[in-house]
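S.K.: Take the sequence shown: its letters are residues 72 to 360, numbered as in my numbering.
Ideal Cβ placement from N, Cα and C applies to all residues, glycine included.
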Amino acid sequence: MKNLFLLGFAVLFMQNAKAQDSIIMVTLVDPGEYAPVLDLNIKAKSLRIINGHSSAVLPKGSFEITIAHRFGQVSTGIDDLWGVDNMNSNRIGFDYGATKKITLGAGRSSYYKTFNGYVKYALIGNYSSKFNLTYLADMAVDGRATSDWNLNPFYFTHRFNYTHQLIVSYTFHPNLLVGFTPTLVHMNMVDGINMNNDIPVMGGYVRLALNKHVSFTLEANKITSFGMDLPVKSNPTVGLGFEFFTPKHAFHISLSNSRMLNEPYYMVTDQVPNTFGQFCLGFNIVRRW
């Protein structure tokens, strides 16, 4: 009986050790490899917060498709299902993890028929570090017909806008991520003759994990003039929302005072309202492979 008891104890011990090993294998995910979105830490679950980018880059060899929508203002009420019946803009984007440090992306937005492409490079930090610094370079091309510009002469270079952004993030707690995003937007074509083509923008974001599946997000940015002659936009662009994660998807539901989805537009040219009733519902679907 004593030998049988010892044998049974040894079997239970081995099974328990094997179970612990499997838990460790799930927790200590190789930061350069693909893993289910649900099992990633708070900063790596999604490339974007609401409109803007987070400091995250994709694992090498993985890619995402994002379909983003911005509906009408919520003040329309039940008749228009709080804006869902009205579409302000939408965007479909493709993102690819070229290396462990570099993510490439491209997309097409309905607003101004905009095409964009970007490079995102993780300068400092990795999957497990609390502090991360990422550089984003984005080029947006206004695709409207030449006749829509009412310019003579019109040059093709008028269509180009560029965004350079440093994305600084710090994980204060496994459930709390805070980011800061100093940005410089360069617009080849501005409204005023004496207006500066380079527009500095300061922004930030917060992601708070409520549980493994759901996070709360907050995002804001504002033009900082530094005494320069810049586009008049007195109100900051702000948004708040919730994210829901599954092993292969992320779903974002948000309220934002921006109708646009590309950096030069929602940061600089979108004259955002200051009343809650004029905020717009947003819905993003993200699929990762």
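Gly274 and Gly123 - do their beta-carbons sit closer together than 8 Å?
M.R.: Contact flag set, yes.
S.K.: Tell whether a beta-carbon distance below 8 Å holds between Gly310 and Glu290.
M.R.: Yes, they are a contact pair.
S.K.: Going along the chain, which unbroken runs of the beta strand (DSSP E) with 3 or more residues stay wholly within the stretch 138-188?
M.R.: Complete beta strand (DSSP E) runs here, min 3: 158-168, 173-180.
S.K.: To test your reading of the DSSP string, which unbroken beta strand (DSSP E) runs of 3 or more residues are found completely within the stretch 188-244?
M.R.: Taking only runs of at least 3 residues, the beta strand (DSSP E) segments lying wholly in the stretch 188-244 are 202-212, 231-244.
S.K.: Near Tyr182, what residues of its chain come up, given a Cβ to Cβ distance below 6 Å and the 5 sequence neighbours on each side ignored?
M.R.: Within the same chain, Tyr182 has close Cβ partners Ser160, Met331.
S.K.: Which one of Leu194, Thr252, Phe202, Asp262 has the shortest CA to CA distance from Leu222?
M.R.: Minimum Cα distance to Leu222 is reached at Asp262.
S.K.: In this structure, does DSSP put Pro271 in helix, strand or coil?
M.R.: If DSSP states are grouped into helix, strand and coil, Pro271 belongs with the strands.
S.K.: Can you tell me whether Asn328 is buried or exposed? The criterion is at least 16 other CB atoms within 10 Å of its CB, across all chains shown.
M.R.: Asn328 comes out buried.
S.K.: Taking only three categories from DSSP, how would you classify Leu109?
M.R.: Three-state result, Leu109: helix.
S.K.: State the CB to CB distance for the pair Ser146 and Gln349, rounded to an integer number of angstroms; the pair is presumed to be in contact (CB under 8 Å).
M.R.: The pair is a contact, with the Cβ atoms about 6 Å apart (cut-off 8 Å).
S.K.: Are the beta-carbon atoms of Met338 and Val239 separated by less than 8 Å?
M.R.: Going by C-beta atoms, Met338 is not nearer than 8 Å to Val239.
S.K.: Work out the CA separation of Lys283 and Lys116 for me, nearest whole Å.
M.R.: Distance between the alpha carbons of Lys116 and Lys283: 10 Å.
S.K.: Please classify His323 as buried or exposed, where buried requires at least 16 neighbouring CB atoms within 10 angstroms.
M.R.: Buried, since its Cβ has 16 or more Cβ neighbours within 10 Å.
S.K.: Could you check which residue in Thr185, Lys304, Glu314 has the C-alpha nearest to that of Lys293?
M.R.: It is Lys304.
S.K.: Report, in whole angstroms, the separation of the C-beta atoms of Asp213 and Asn187, which I expect to be a contact under 8 Å.
M.R.: With a Cβ gap of about 10 Å, Asp213 and Asn187 do not count as contacting.
S.K.: Between the C-alpha atoms of Cys151 and Phe142, what's the straight-line distance to the nearest angstrom?
M.R.: In the sequence on display, residue 151 carries Asp and not Cys. Using only the alpha carbons, I get a separation of about 10 Å.
S.K.: Which of the three DSSP states is assigned to Val256 in this structure?
M.R.: Here Val256 sits in strand by DSSP.
S.K.: Alpha carbon to alpha carbon, what distance is there between Ser126 and His235?
M.R.: Whole-angstrom Cα-Cα distance: 14 Å.
S.K.: What do you get for Lys184, buried or exposed, if any count of 16 or more other CB atoms within 10 angstroms of its CB means buried?
M.R.: Looking at its Cβ environment, which holds fewer than 16 other Cβ atoms inside 10 Å, Lys184 is exposed.
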